[in-house]
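Notes for the one structure printed next.
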Amino acid sequence: MERFPPNTRYMAASHSAGKMAELLGEMCNEWETPDDWQKHIATDNGHNICAAVRRLSWAERSCIAHTLQQLDINDLAISCTQASLDRLCKKARHTAGHVANNDS
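Encoded structure:
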């Protein structure tokens, strides 16, 4: 497995999924990654970046910090209902699954 350093770019144009997918493709060209390589990317769960990754057919992994940040604070209330506790457990299992499958 090859690992490449994080790459940041200034985007003067729209942050649309199409523009982001184009920019990600350009970055891979600069790194000279072969087209037949499976590409993996960690995202911040933003709608446009996730849509861009889907357009490229890359494997996307949500950032653990951003995923935890999405937990509903109401689910953590002391007087929580069974339904909110069930939602919290589901989110925790989903997050733990991502961590367990991460090889880094």
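The opening position of the sequence shown corresponds to residue 1 in full-length UniProt numbering, with each subsequent residue numbered one higher.
Each residue gets a CB set at the ideal place from its N, CA and C atoms; glycine is no exception.
Just so we're clear, the structure is a prediction, and the values are computed from it rather than from any experiment.
Nearest to Ala96 by C-alpha distance, out of Ala83, Ser62, Ser84, Thr81, is Ser62.
In this structure, the CA atom of His15 is about 7 Å from the CA atom of Asn48. CA-to-CA, the gap between Ala52 and Asp44 works out to about 12 Å.
Relative to Asp35, the option among Leu85, Leu68, Trp58, Thr8 whose CA is nearest is Trp58. Closest in alpha carbon position to Glu26, among Glu60, Ala12, Asn7, Gln38, is Asn7. In the DSSP assignment, Glu32 falls outside any beta strand (DSSP E) and carries neither an H nor an E.
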